[in-house]
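Chains A and B supply the protein sequences, listed in that same order. 2 is the number of the first residue of the first sequence in our numbering; add one for each residue after it. 6 is the number of the first residue of the second sequence in our numbering; add one for each residue after it. Where is the CB? At the ideal position from N, CA and C, for every residue including glycine. Everything numeric in this text was worked out from a predicted model, so none of it was measured. Some notes on the structure that comes next.
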Amino acid sequence: MAMSRDEIFQKVQEVLVDALGADDDEVTADATLMGDLGAESIDFLDIVFRLEKAFGIKVPREELFPAEGLLNNPELVSNGKLTEKGLTELRENVPHTDLTDFEKDPDINKLADLFTVNAIVNYVDGKLNAA
Amino acid sequence: MRWIWIDKFVEFESGRRAVAVKNVSLAEEHLHDHFPGFPIMPECLMIEAMAQTAGILVGQARDFAEKVVLAKISKAVFFDFVRPGDSLRLEARMDMIADEAASTKGRITRDDELIAEVDLMFSHIDQNLAGKKFPEENFVFTGTFTSLLRDVVLEAAQSGESAAESGR
Numbered sequence: 002m003a004m005s006r007d008e009i010f011q012k013v014q015e016v017l018v019d020a021l022g023a024d025d026d027e028v029t030a031d032a033t034l035m036g037d038l039g040a041e042s043i044d045f046l047d048i049v050f051r052l053e054k055a056f057g058i059k060v061p062r063e064e065l066f067p068a069e070g071l072l073n074n075p076e077l078v079s080n081g082k083l084t085e086k087g088l089t090e091l092r093e094n095v096p097h098t099d100l101t102d103f104e105k106d107p108d109i110n111k112l113a114d115l116f117t118v119n120a121i122v123n124y125v126d127g128k129l130n131a132a
Numbered sequence: 006m007r008w009i010w011i012d013k014f015v016e017f018e019s020g021r022r023a024v025a026v027k028n029v030s031l032a033e034e035h036l037h038d039h040f041p042g043f044p045i046m047p048e049c050l051m052i053e054a055m056a057q058t059a060g061i062l063v064g065q066a067r068d069f070a071e072k073v074v075l076a077k078i079s080k081a082v083f084f085d086f087v088r089p090g091d092s093l094r095l096e097a098r099m100d101m102i103a104d105e106a107a108s109t110k111g112r113i114t115r116d117d118e119l120i121a122e123v124d125l126m127f128s129h130i131d132q133n134l135a136g137k138k139f140p141e142e143n144f145v146f147t148g149t150f151t152s153l154l155r156d157v158v159l160e161a162a163q164s165g166e167s168a169a170e171s172g173r
């Protein structure tokens, strides 16, 4: 199924409006899910469910939101920051996310800011067009 | 589940849908205060009734191995007051179920009139919350609720038998 980025963005926007009770105009490409849209942990699962339905794809949760797995591993996190190894894992896990800023100061509290609306659009784009 | 707020299940299709009944009685003390002279069932308790109906549907789908906890009220819309003497029919349908969570869609009706639509999400908490540990025993599904399911399961088994007999 070929879909343009605009079409994907529109559907992702609908998903987030429904899942988070956000307004259309709040769900911009750069909006962060937790910071700007107020998502909590259960909302990520809700979003995964809704994406699967909206796009007819299978979304392994750790693929889209891999942070939780990383945070529990002491090899990957030290003093509240991702280690070099942690960063390498994160890069592998989230090829659809831009990590340039995060790498300068890999504070795990800022991981939340990585989850932007755009990251989801990139992810879905990759899924649909790779298939 | 430490208190039961639904009266019985009348239909139960494992992993798909469950229908429960809740009869509203003026003997329920909260109705005396909500409100004096005008008793109506609080909407939050309609959500609770749906949470129990849907929660048991979700729990049974994994043989009660998971600790199922209400995590999100995705939607709750109410169309009419519910008064003492009313009999509510709560129908929960499984929307999605995964290792970590499940979502359900629910309708509450009185006779054939739509009273509320309540969509919920449940978390399988052992699979969530970043590796936090919970007690081993399943404190959600204790023995108290099993009698609720027993009737409907027995009935289903009996109607299965009688169907088999009449087939002979």
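Item to complete: Identify which residue in B:Thr58, B:Ile102 and B:Ile113 has its Cα closest to the Cα of B:Phe146.
Response: Measuring from the Cα of B:Phe146, the nearest candidate turns out to be B:Thr58.
Worksheet item: Do you know whose CA, among B:Arg98, B:Leu36, B:Ala23 and B:Arg22, lies nearest B:Pro89's CA?
Response: Taking only the C-alpha atoms, the option nearest B:Pro89 is B:Leu36.
Discussion item. Which residues in chain A have a C-beta closer than 7 Å to the C-beta of B:Ala81? List them in chain order.
Written reply: Residues of chain A with a Cβ closer than 7 Å to the Cβ of B:Ala81 do not exist, since the nearest Cβ in that chain sits about 12 Å away.
Fill in: Contacts that B:Ser128 makes with chain A (C-beta to C-beta distance below 7 Å)
Neighbours of B:Ser128 on chain A, chain order: Ile43.
Discussion item. Taking the alpha carbon of B:Glu141 as the reference point, which residue from B:Gly148, B:Thr149, B:Phe150 and B:Asp131 has its own alpha carbon closest?
Written reply: For the options B:Gly148, B:Thr149, B:Phe150 and B:Asp131, the alpha carbon positioned closest to that of B:Glu141 is the one of B:Asp131.
Worksheet item: Hey, is the segment 16-23 of chain A in contact with the segment 43-58 of chain A, meaning 3+ C-beta pairs nearer than 8 Å?
Response: Counting Cβ pairs under 8 Å, three or more are found: they touch.
Item to complete: Taking C-beta pairs closer than 8 Å, name the residues in chain A that B:Lys77 reaches, listed in chain order.
Response: Going along chain A in sequence order, the residues near B:Lys77 (Cβ under 8 Å) are Ile43, Asp44 and Asp47.
Item to complete: For A:Phe1, return the contacting residues in chain B, with the cut-off set at a CB-CB distance below 7 Å.
Response: Here chain A comprises residues numbered 2 to 132, so residue 1 of chain A is not present and cannot be evaluated.
Worksheet item: What in chain E is Cβ-close to A:Arg92, meaning under 9 Å?
Response: Checking the listed chains, one finds no chain E in this structure; the protein chains it contains are A and B.
Worksheet item: Applying a beta-carbon distance threshold of less than 7 Å, which residues of chain B neighbour A:Arg62?
Response: Those within 7 Å of A:Arg62 in chain B are Glu105.
Worksheet entry | For B:Lys13 and B:Ile45, the rounded distance between their alpha carbons | Between B:Ile45 and B:Lys13, the C-alpha separation is close to 21 Å.
Worksheet item: Does the beta-carbon distance from B:Val15 to B:Val24 come in below 7 Å?
Response: In this structure, B:Val24 lies closer than 7 Å to B:Val15 by Cβ.
Worksheet item: Can you tell me whether DSSP reads B:Ser30 as helix, strand or coil?
Response: Coil, per DSSP.
Discussion item. Per DSSP, what are the beta-bridge partners of B:His129 in this structure?
Written reply: In the DSSP output, where bridge partners are listed per residue, B:His129 has B:Val73.
Discussion item. My output table needs one value for A:Lys59: the three-state DSSP class, helix, strand or coil.
Written reply: Three-state DSSP puts A:Lys59 in coil, outside helix and strand.
Worksheet item: If you draw a straight line from the C-alpha of B:Gln65 to the C-alpha of B:Asp116, how long is it?
Response: The straight-line gap from Cα to Cα measures roughly 27 Å.
Practice prompt. Decide if B:Asp104 is buried, meaning its Cβ has at least 16 other Cβ atoms within 10 Å, or exposed.
Written response: B:Asp104 should be labelled exposed.
Worksheet entry | Extent of the continuous beta strand (DSSP E) run through B:Met99 | DSSP places B:Met99 inside the beta strand (DSSP E), whose first and last residues are Ser92 to Ile102.
Discussion item. Among B:Met51, B:Glu48, B:Ile52 and B:Leu31, whose alpha-carbon lies nearest the alpha-carbon of B:Met42?
Written reply: Just to set this straight, residue 42 of chain B is Gly in the shown sequence, not Met. Measuring from the Cα of B:Gly42, the nearest candidate turns out to be B:Leu31.
Practice prompt. Over the uninterrupted beta strand (DSSP E) stretch that includes B:Arg112, give me the two end residues.
Written response: Note, B:Arg112: beta strand (DSSP E), Ala106 to Arg115.
Discussion item. Tell me the DSSP secondary structure of B:Arg22 in three-state form.
Written reply: B:Arg22: strand per DSSP, three-state reduction.
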